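S.K.: Counting from 43, one number per residue, gives the positions in the sequence shown under the working numbering.
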Amino acid sequence: MDLSLDGKVAIVTGAASGLARAVATTLVAEGARVAGADLNEAGVRDVMSDLAAGTDSDSCRGYGVDVSSREDWRSLVSSVENDLGPVDILCNIAGPAPAPGSGHLDTDDAEWTRQINGHLTGVFLGCQTVLPGMMERRYGKIVNMCSFTAHGTVANIPGYDAAFGGILAYTKDLARFAAPHNVNVNCVSPGNIETPMTQGWMAQPGAYDALRERTLIGRVGQPDDVANWVVFLASDRARHAVGVEINVSGGQLLA
Ligand SMILES: NC(=O)c1ccc[n+]([C@@H]2O[C@H](COP(=O)([O-])OP(=O)(O)OC[C@H]3O[C@@H](n4cnc5c(N)ncnc54)[C@H](O)[C@@H]3O)[C@@H](O)[C@H]2O)c1
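The following block contains the structure:
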């Protein structure tokens, strides 16, 4: 299926690693001009320069950014507009792993704030920064990374779960607001996917096999499984999708 992304300008946060790196890779393969943004500036620059090899070298750029900073967002969007052009697509994917031992009784203020800011506030600031331009041009696609944990399906990671519950509600609320301006806002909720964030616990004895059994199709999800949905939602092929949450978990939520 041709997704017709040739020349579209996309910002992908978190692109130094995991799911966002796969999204950036897929967007580039579909012809988009991609700005990867990450707290890990050296890492994202490396990823984007690898992706630029073999394409128009101006079509991929890496930028250092903390998504929880309004100032960083302002400067990112202004740099991307200058370097690549007006932003057509925003994929909000960056976010921190929950700290070990951050359950209901021991999550401290710092961990709570880190989770809410790194996920929910980052998504809010990103959307608020790109939206005026998208509305003015009457074109935009926003895809937020959510999680099956938004539904309270994993016990005892309160900050992480609450952040994703917020992202789910925010996505639907923003989708209602933005749709009349021809801006589609949707989200993707993966189950446990094998990435640098999850590889540590998946490597514990028995964990990988137990997870495989919790899915209904007997496999552990890979970053491409999620990236394909994100990029589809970022295309005009998904133009009738408004405020949708796509569950990509191999049936883990149903198991
Ligand atoms: N892997 C999974 O199973 C899974 C499932 C559901 C949701 N998610 C969510 O998807 C997102 C990506 O997960 P992943 O597995 O690819 O993780 P990852 O650790 O491989 O990548 C996360 C990236 O986000 C960046 N980042 C973290 N905080 C940031 C900040 N404040 N500003 C800018 N960049 C920041 C990191 O530097 C890293 O490059 C996360 O929000 C995660 O919670 C992951």
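Every residue gets a Cβ at the ideal spot worked out from N, C-alpha and C, and that includes glycine.
Keep in mind it's a predicted model, so treat the numbers as computed, not measured.
Taking 8 Å as the threshold (C-beta atoms), are Q294 and N234 in contact?
M.R.: Result yes, Cβ atoms of N234 and Q294 sit closer than 8 Å.
S.K.: Can you tell which of R87, D148, L173, Y202 has the C-alpha that lies nearest to the C-alpha of A220?
M.R.: Comparing Cα-Cα distances from A220 to each of R87, D148, L173, Y202, the minimum goes to L173.
S.K.: Closer than 8 Å is the cut-off here; do at least three beta carbon pairs connect the segment 244-259 with the segment 200-216?
M.R.: No, because fewer than three Cβ pairs between the segment 244-259 and the segment 200-216 fall closer than 8 Å, the two stretches do not touch.
S.K.: When you compare each of V165, A139, G164 to E153 by their alpha carbons, which one comes out closest?
M.R.: Measuring from the Cα of E153, the nearest candidate turns out to be A139.
S.K.: Taking only three categories from DSSP, how would you classify G194?
M.R.: Here G194 sits in coil by DSSP.
S.K.: Excluding the 5 residues flanking L296 on each side, which residues of the same chain have their C-beta closer than 7 Å to its C-beta?
M.R.: Excluding sequence neighbours, L296 sits near L258.
S.K.: Taking buried to mean at least 16 other C-beta atoms within 10 Å of its own C-beta, is T155 buried or exposed?
M.R.: That one is exposed.
S.K.: Is the distance from the Cβ of L167 to the Cβ of V109 below 8 Å?
M.R.: Taking 8 Å as the Cβ cut-off, L167 and V109 qualify as a contacting pair.
S.K.: Taking only runs that begin and end inside the segment 211-256, name each unbroken beta strand (DSSP E) of 3 or more residues, in chain order.
M.R.: Segments of the beta strand (DSSP E) lying fully in the segment 211-256: 225-232.
S.K.: Kindly list the residues whose CB is nearer than 6 Å to the CB of G137, restricted to its own chain and excluding five residues on each side of it in sequence; keep chain order.
M.R.: The answer, listed in chain order, is G160, H161.
S.K.: Hey, would you say the C-beta of I235 is under 7 Å away from at least one heavy atom of ligand 1?
M.R.: Yes, ligand 1 has a heavy atom inside 7 Å of this Cβ.
S.K.: Between D203 and A252, what straight-line distance do the alpha-carbon atoms span, to the nearest angstrom?
M.R.: Whole-angstrom Cα-Cα distance: 22 Å.
S.K.: Out of S46, M43, V65, point me to the one whose CA is closest to T237's CA.
M.R.: When only C-alpha atoms are compared, the closest one is V65.
S.K.: Along the chain, which unbroken stretches of the alpha helix (DSSP H) at least 4 residues long are found entirely within the segment 265-297?
M.R.: Here the runs fully enclosed are 265-275.
S.K.: Go to R180, then tell me how far its beta strand (DSSP E) extends in each direction, as first and last residue.
M.R.: From DSSP, R180 is part of no beta strand (DSSP E); its letter is neither H nor E.
S.K.: If you compare alpha carbons, which of I199, V107, K183 is closest to F190?
M.R.: That would be I199, whose Cα lies nearest to the Cα of F190.
S.K.: Just to check, is the beta-carbon of L295 closer than 7 Å to a non-hydrogen atom of ligand 1?
M.R.: No - ligand 1 has no heavy atom lying nearer than 7 Å to the Cβ of L295.
S.K.: State the DSSP-derived secondary structure class of R261, mapped to helix, strand or coil.
M.R.: Looking at R261 - three-state DSSP - the assignment turns out to be coil, as it is neither helix nor strand.
S.K.: On a CA-only basis, which of F274, A52, A141 is nearest P128? Give me that one, please.
M.R.: Here the closest residue by C-alpha is A52.
S.K.: List the endpoints of the continuous alpha helix (DSSP H) containing D150.
M.R.: D150 -> no alpha helix (DSSP H), and no H or E assigned at all.
S.K.: Our contact map puts I209 next to V165 with C-beta atoms below 8 Å; I'd like the distance itself, whole angstroms only.
M.R.: Rounded, the Cβ-Cβ distance is 5 Å, consistent with contact.
S.K.: Output the boundary residues of the alpha helix (DSSP H) element that contains L81.
M.R.: Counting along the chain, L81 falls outside any alpha helix (DSSP H), and DSSP gives it neither H nor E.
S.K.: Determine the DSSP secondary structure at I131, reduced to helix, strand or coil.
M.R.: If DSSP states are grouped into helix, strand and coil, I131 belongs with the strands.
S.K.: Are the CB atoms of D80 and G56 nearer to each other than 8 Å?
M.R.: In this structure, G56 lies closer than 8 Å to D80 by Cβ.
S.K.: Following the continuous beta strand (DSSP E) through V122, name the residue where it begins and the one where it ends.
M.R.: First-last for V122: 112-125, but that is the alpha helix (DSSP H), not the beta strand (DSSP E).
S.K.: Ordered along the chain, which non-local residues of its own chain (more than five positions away) have a Cβ less than 7 Å from that of E72?
M.R.: If we look at E72 and ignore the five residues flanking it on each side, its Cβ neighbours are L45, L47, V273.
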